[in-house]
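Participant: According to mature numbering (1 follows the signal peptide of the UniProt record, and there is no 0), the residues represented by the sequence shown are -20 to -1, 1 to 447, in order.
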Amino acid sequence: MLARLLSALFVLTLVPAAFAAEKPNVVFILADDLGINDLACYGRAEHRTPNLDTLAKDGVRFTTAYAACPVCSPTRAAILTGKHPARLHLTTFLPGRADAPSQKLLHPKIRLQLPLEEKTLAEYLKAAGYATAAVGKWHLGFTPDKQGFDVAFDAKESPTAKAQEELTAKAEEFLTANRDRPFFLYLAHHTPHIPLAAKPELVEKYKATFNPTYAAMIEEMDASVGRVLAKLDALKLTEKTLVVFTSDNGGLHVPELKDDPPTHSTPYRAGKGFLYEGGIRVPLIVRWPGVVKPGSVCNDAAISTDWTPTLLTVCGVTPDGPLDGVSLLPQLKGEKAAERTLFWHVPHYTNQGSRPGGAVRRGDRKLIVNYEDGSNELYNVTADPGETNNQAALRKQQTQELRTLFDTWLKSLDAQTNLPNPNFDAALHKTLYADVDVSKLKPETTAAETAKSYREWRKAIDAAVKK
């Protein structure tokens, strides 16, 4: 009798241990230049995104998720390391933008690759027994196979419908090949980055939208997401797979290359390249059956640096040292997180017309620091998401508190700083940045109409930087 009881107790003790040993699969899908309001489930009724809408219904949709930087490479580095771009000295797209006389300040030196000594999420998970794949855009210097990925694949032509098909097929292939072991799939779309291109029949379908080609690209990307989710269903892996969908920065709201503005960020200000909400606030959807409550909405702040600590936590892996991000597991479980402070450092001029600056957000308040003259802008981004009412002069104490917090943080990271430009052309600077403030660009009914007023500005800012 006693032996039988002990045997039963032994079996019971194995049950939670076996459950704990069940590692969730991870599928991380990253869009390129997708804005906060570009999906139907985020309010963009003219865009058709049924698969992402379903993902949101089956999971949690974050309303206050941020990119670690308003341009691509730094955010990708932050996602894969859990460290802030300022700490990595990787603070703009690679290989960066040349200096020009229109700049009051010189660009600081940046790292041209994600350093190999930085341990990536893929390296952690691979060591824990995961199969790992990076499918799509990398944009971090060294190739993915040198930073923890077993499989590294990108399409030759991008962004095109053919490229999207190739990436999706490779993702499906990886899922099928690794159905019997834990896996981490990092699927980084080139869509909807410029140059804009989509199937003609889809472009025609969206001819009444703000930018028909962009809207068509959104549908093509959504279809790719749908195929990945369908493959998980077919392989009976949905219940044990955590799926994340987000973007590397805000949508592009100005004309660039030969394209009209792809999108607009209404009601938020500006877009890609800028530290205003339109440049850094991004869509974020997470599905994890049995953990995330279906159809839930999370208003807590989250940022790109949170993904390495979050996924290490849920996969039972301990990082080698401190990370800048925090685990979002409490939010995924529906718990309210403590208030936190978020920081940004972008000491660069961008192709979108922004200038060097930094930002800090704590609670409802967000401070933007202009590195050219040291001036501050203070906004209540909850009450004023369009950042139209600068309260810095009225709320001096709060402005100073946030500025001190920001300066202390910047110094703690040994972040890069800008030096004066000895070849500065004040007149050209005025033409590009003072006479026209593209952060305040308001969309017309269509992208073509919106672009008309900014053609000369676009030509001037392109000409300012010699290739």
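Idealized CB from N, CA, C, for every residue including glycine.
1) Just how far apart, CA to CA, sit R320 and V349?
2) On the DSSP bridge list, what partners appear for F190?
3) From the DSSP output, read off the bridge partner residues of G296.
4) What are the boundary residues of the alpha helix (DSSP H) that K346 is part of?
5) So is S245 buried or exposed if we call it buried at 16+ other beta carbons inside 10 Å?
6) Tell me, to the nearest whole angstrom, how far the beta carbon of A11 is from that of S227; I am working on the premise that it is less than 8 Å.
7) Please go through the same chain and pick out, in chain order, the residues whose beta-carbon is closer than 7 Å to the beta-carbon of S82, but skip the five residues on each side of it.
8) Against chain B, with Cβ distances strictly below 8 Å, would G333 count as a contact?
9) Kindly confirm or deny that the stretch 281 to 295 and the stretch 58 to 76 touch, where touching means at least three C-beta pairs closer than 8 Å.
10) When burial is assigned at 16 or more other CB atoms within 10 Å of the CB, is R435 buried or exposed?
11) For C49, which three-state DSSP category applies?
12) Quick check on the burial criterion: 16 or more other C-beta atoms within 10 angstroms. Buried or exposed for K376?
13) With H, G and I counted as helix, E and B as strand and the rest as coil, what does DSSP make of G39?
14) So G116 and H169 are in contact, right, with Cβ under 8 Å, and what is the actual spacing, rounded?
15) Among I441, Y248 and A196, which has the Cα closest to the Cα of N360?
16) Can you tell me where the alpha helix (DSSP H) with F386 in it begins and where it stops?
17) Between N17 and E424, what straight-line distance do the alpha-carbon atoms span, to the nearest angstrom?
18) Can N31 and D213 be called in contact, C-beta distance under 8 Å?
19) With burial defined as no fewer than 16 other Cβ atoms inside 10 Å of the residue's Cβ, what is the status of P162: buried or exposed?
20) Between F154 and the rest of its own chain, which residues show a CB-CB distance below 8 Å, the 5 nearest in sequence each way excluded?
21) What is the rounded straight-line gap between the Cα of A188 and the Cα of C49?
22) Suppose the cutoff is 7 Å on Cβ atoms and the five residues either side in sequence are ignored; what does the same chain contact list for T140 look like?
23) Would L92 be called buried (16 or more neighbouring beta carbons within 10 Å of its own) or exposed?
24) Starting from Y104, trace the alpha helix (DSSP H) both ways and give me its first and last residue.
25) From the DSSP secondary-structure annotation, give me the bridge partner or partners of T321.
26) Leaving aside the five residues before and after A1 along the sequence, list all residues of the same chain whose C-beta is less than 7 Å from its C-beta, in chain order.
27) Residues in its own chain within less than 7 Å of F122 by CB, not counting five upstream and five downstream?
28) Return the Cβ separation of D280 and V306 in integer angstroms, given the expectation that the two are a contact with Cβ distance under 8 Å.
29) Over what stretch of residues does the beta strand (DSSP E) that includes I9 continue unbroken?
30) Kindly confirm or deny that the stretch 262 to 273 and the stretch 222 to 237 touch, where touching means at least three C-beta pairs closer than 8 Å.
31) How about R267 and L35: are their beta carbons less than 8 Å apart?
32) In this structure, how does DSSP classify K150 when only helix, strand and coil are distinguished?
33) Under the assumption that V234 contacts G251 (Cβ atoms under 8 Å), give the Cβ distance between them as a whole number of angstroms.
34) Check E110 in the structure and name its three-state DSSP category.
35) Less than 8 Å between the C-beta atoms of P242 and P302, yes or no?
36) When DSSP labels each residue in this structure, what does V306 get in the three-state scheme?
Facilitator: In brief:
1) Along the sequence shown, read from residue 1 onward, the residue named residue 320 stands at position 340. Along the sequence shown, read from residue 1 onward, the residue named residue 349 stands at position 369. Near 19 Å, if we compare the C-alpha coordinates of V349 and R320.
2) The count along the sequence shown starts at 1 and reaches residue 190 at position 210. F190 is not bridged to any residue.
3) Start at 1 with the first residue of the sequence shown, and residue 296 comes out as number 316. G296 is not bridged to any residue.
4) Numbered from its first residue, the sequence shown carries residue 346 at position 366. Unbroken run through K346 is the beta strand (DSSP E), R345 to N350; no alpha helix (DSSP H).
5) Residue numbering aside, residue 245 sits at position 265 when the sequence shown is read from its first letter. Result: buried.
6) By 1-based counting over the sequence shown, the position of residue 11 is 31. By 1-based counting over the sequence shown, the position of residue 227 is 247. Confirmed, about 4 Å.
7) Against the sequence shown, residue 82 aligns to sequence position 102. So the qualifying residues of the chain are D405, L408, H409, L412 and A444.
8) Note that chain B does not occur in the displayed structure, where there is just one protein chain.
9) The stretch 281 to 295 makes contact with the stretch 58 to 76, as at least three CB pairs between them are under 8 Å.
10) Along the sequence shown, read from residue 1 onward, the residue named residue 435 stands at position 455. Classification of R435: exposed, given that the 10 Å Cβ count is below 16.
11) Position 69 of the sequence shown holds residue 49. Coil at C49, not helix or strand.
12) Within the sequence shown, residue 376 is the residue found at index 396, counting from 1. Classification of K376: exposed, given that the 10 Å Cβ count is below 16.
13) Position 59 of the sequence shown, counted from the start, is the residue given in the question as residue 39. Assigned with DSSP and collapsed to three states, G39 falls in coil, not helix or strand.
14) Here residue 116 refers to the residue found at position 136 when the sequence shown is read from its first residue. Here residue 169 refers to the residue found at position 189 when the sequence shown is read from its first residue. Correct: roughly 6 Å between the Cβ atoms.
15) For the purposes of this step, residue 360 is identified with residue 380 of the sequence shown, where counting begins at 1. Per the Cα distances, Y248.
16) Numbered from its first residue, the sequence shown carries residue 386 at position 406. Membership of F386 in the alpha helix (DSSP H) is indicated by the continuous run K376 to S392.
17) Locating residue 17 in the sequence shown gives position 37, counting from the first residue. Locating residue 424 in the sequence shown gives position 444, counting from the first residue. So the two alpha carbons sit approximately 16 Å from each other.
18) Reading the sequence shown from its first residue, position 51 is the one you call residue 31. Reading the sequence shown from its first residue, position 233 is the one you call residue 213. No.
19) Within the sequence shown, numbered from 1, the residue matching residue 162 stands at position 182. Classification for P162: buried.
20) By 1-based counting over the sequence shown, the position of residue 154 is 174. Only A111, A113, V115, V131, F163 and L165 meet the Cβ criterion.
21) As a first step, residue 188 must be located in the sequence shown, where it is residue number 208. As a first step, residue 49 must be located in the sequence shown, where it is residue number 69. Their backbone Cα atoms lie some 32 Å apart in a straight line.
22) Position 160 of the sequence shown, counted from the first residue, corresponds to residue 140. Contacts found: A177.
23) For this step, residue 92 is matched to residue 112 along the sequence shown. Taking all protein chains shown into account, L92 has fewer than 16 neighbouring C-beta atoms within 10 Å of its C-beta and is therefore exposed.
24) Taking the sequence shown and counting its residues from 1, the one referred to as residue 104 is at position 124. L101 to A107 is the extent of the alpha helix (DSSP H) around Y104.
25) Working through the sequence shown from its first residue, we reach residue 321 at position 341. Answer by DSSP bridge pairing, in chain order: R342.
26) The residue you call residue 1 lines up with position 21 of the sequence shown. The predicted model places A1 with a pLDDT of 48, which falls under 50 and marks its position as unreliable; any figure quoted below should be read in that light. For A1, where only same-chain residues beyond five positions count, there are no Cβ hits under 7 Å.
27) Walking along the sequence shown from the start, residue 122 turns up at place 142. Within the same chain, F122 has close Cβ partners Q93, L94 and L96.
28) Residue numbering aside, residue 280 sits at position 300 when the sequence shown is read from its first letter. Residue numbering aside, residue 306 sits at position 326 when the sequence shown is read from its first letter. Contact doesn't hold; Cβ gap of about 11 Å is too wide.
29) On the sequence shown, position 29 is the one that residue 9 refers to. Unbroken beta strand (DSSP E) run through I9: N5 to A11.
30) A contact exists between the stretch 262 to 273 and the stretch 222 to 237.
31) Walking along the sequence shown from the start, residue 267 turns up at place 287. Walking along the sequence shown from the start, residue 35 turns up at place 55. Taking 8 Å as the Cβ cut-off, R267 and L35 qualify as a contacting pair.
32) The residue given as residue 150 occupies position 170 in the sequence shown. The answer is helix: DSSP assigns K150 an H, G or I state.
33) The sequence position of residue 234 within the sequence shown is 254, counting from 1. The sequence position of residue 251 within the sequence shown is 271, counting from 1. Contact holds; Cβ gap of about 7 Å.
34) By 1-based counting over the sequence shown, the position of residue 110 is 130. The displayed chain sequence assigns Tyr, not Glu, to residue 110. Three-state DSSP puts Y110 in coil, outside helix and strand.
35) Locating residue 242 in the sequence shown gives position 262, where the first residue counts as 1. Locating residue 302 in the sequence shown gives position 322, where the first residue counts as 1. Not closer than 8 Å, so no.
36) As a first step, residue 306 must be located in the sequence shown, where it is residue number 326. Three-state result, V306: coil.
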